[in-house]
Amino acid sequence: MEDKFLNNRINVIPRPLVIQELPGIFTLSNDTIIIAAAGCENELRLFKNNLKEDFNFEFSDKTDSKSVIKLILNDNQVKDESYHLHVDVNKIEIIGWSTAGIFYGLQTLRQLINNEEKLTIPCVHIEDRPRFQWRSFMLDVARYFKNTSTIKQLLNEISQLKMNRFHWHLTDDQGWRIEIKKYPKLTEIGSIRSYSQTGGWNSVTFDNTIHEGYYTQEEIKEIIQYANERHIQIVPEIDMPGHASAAIASYPSLGCDPQQPINVP
Numbered sequence: 001m002e003d004k005f006l007n008n009r010i011n012v013i014p015r016p017l018v019i020q021e022l023p024g025i026f027t028l029s030n031d032t033i034i035i036a037a038a039g040c041e042n043e044l045r046l047f048k049n050n051l052k053e054d055f056n057f058e059f060s061d062k063t064d065s066k067s068v069i070k071l072i073l074n075d076n077q078v079k080d081e082s083y084h085l086h087v088d089v090n091k092i093e094i095i096g097w098s099t100a101g102i103f104y105g106l107q108t109l110r111q112l113i114n115n116e117e118k119l120t121i122p123c124v125h126i127e128d129r130p131r132f133q134w135r136s137f138m139l140d141v142a143r144y145f146k147n148t149s150t151i152k153q154l155l156n157e158i159s160q161l162k163m164n165r166f167h168w169h170l171t172d173d174q175g176w177r178i179e180i181k182k183y184p185k186l187t188e189i190g191s192i193r194s195y196s197q198t199g200g201w202n203s204v205t206f207d208n209t210i211h212e213g214y215y216t217q218e219e220i221k222e223i224i225q226y227a228n229e230r231h232i233q234i235v236p237e238i239d240m241p242g243h244a245s246a247a248i249a250s251y252p253s254l255g256c257d258p259q260q261p262i263n264v265p
């Protein structure tokens, strides 16, 4: 049976609730301008950066043009994540019920851009809102540390898919990854292990590779701000009292028998 989704001009992930295909295309050109409602400066800045990075495209500095993209905030009292996106041959309008809605409308617009001889967007009317309030991605950095640039790259990717939670697994037996200034040994000792398990979850094979790393408080703040700009809330996970070998290795008094010190496993 023919797959209507795969043969559709409008392929967006996640699939919008309402899609009405229209005739024609909108072309991004040197004359295209973008106008944003007050309060949408962050979303506008990120979208401009995205198009510059993805397509080396920059909007015109003109104040008026027949080719225009408008970002409009709905005055409705309900501030949810809904948006409407309407594309015709000369104008694109994104109406958001909040700045998050504007942001998600722009993510849909990014996915609609065809990069062939020209940058084109199929004419379409889309109405969309999240089906789930909590749309999360979990990353375990306790077992395998990821640096800040990798975290930011991941936040970019999940924001394009309209995820709004980043579940950050920061501590476990195998490592403590967040700086606590009152307890410096948590990172001096707990962020370093001298070997790692290889194979499956129940493997008894280990290598002798040192694995280490942690985030300073300033790096944590930087990542939180970066996530907030993309409408992502960070949910940190600190494992206690179980899965706390890294913490106990750092401060044996946290364990049941301080006279029996342990290593970060």
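Just so we're aligned, residue 1 is where the sequence shown starts under the working numbering, counting upward by one.
Beta carbons are placed, not taken as given, at the ideal position from N, Cα and C, and that holds for glycine.
- In the DSSP assignment, A227 falls within the unbroken alpha helix (DSSP H) covering Q217 to E229.
- Under DSSP, no beta-bridge partner is assigned to E81.
- According to the DSSP assignment, A36 belongs to the beta strand (DSSP E) that extends over I33 to A36.
- Secondary structure note for L155: it is in no beta strand (DSSP E), and the uninterrupted alpha helix (DSSP H) holding it is T148 to Q160.
- Counting only runs of 3 or more residues that sit fully inside the region 48-125, the beta strand (DSSP E) segments are 68-73, 83-87 and 91-96, in chain order.
- Note on E81: 16 or more other CB atoms within 10 angstroms of its CB, so buried under the neighbour-count rule.
- Secondary structure of S136 (DSSP, three-state): strand.
- Sequence-distant partners of I19 (beyond 5 residues in either direction) whose C-beta falls short of 7 Å from its own C-beta, in its chain, are I10, V124 and I126.
- In the DSSP assignment, L254 falls outside any alpha helix (DSSP H) and carries neither an H nor an E.
- A Cβ-Cβ contact shorter than 8 Å links L44 with L71.
- Across the structure, I180 and F166 are spaced so that their CA atoms are roughly 21 Å apart.
- Boundaries for T187: no beta strand (DSSP E) harbours it, while the alpha helix (DSSP H) harbouring it runs K185 to E188, taken from the DSSP string.
- The beta carbons of G96 and L73 sit closer together than 8 Å.
- When DSSP states are grouped into helix, strand and coil, E41 belongs to the helix group.
- The beta carbon of N263 lies closer than 6 Å to those of A249 in the same chain, with the five residues before and after it left out.
- Membership of G242 in any beta strand (DSSP E) is not indicated, and neither H nor E is assigned to it by DSSP.
- Per DSSP, reduced to three states, the secondary structure at L46 is helical.
- Relative to D172, the option among Y183, M240 and S203 whose CA is nearest is M240.
- If you compare the alpha carbons of Q107, F145, K152 and E58 with that of R15, the shortest gap goes to Q107.
- In the structure shown, the three-state DSSP call for I10 is coil.
- CA-CA distance, A100 to I69, rounds to 17 Å.
- DSSP places P261 in no beta strand (DSSP E); its state is neither H nor E.
- With a 10 Å radius around the Cβ and a threshold of 16 neighbouring Cβ atoms, L155 comes out buried.
- The straight-line gap separating the alpha-carbon atoms of F137 and R129 is approximately 19 Å.
- Contact check for H169 against E237 passes: the beta carbons are separated by less than 8 Å.
- For I232, the secondary structure class from DSSP, reduced to helix, strand or coil, is coil.
- The beta carbon of W134 lies closer than 8 Å to those of N164 and R165 in the same chain, with the five residues before and after it left out.
- Secondary structure at I248: helix, using DSSP grouped into helix, strand and coil.
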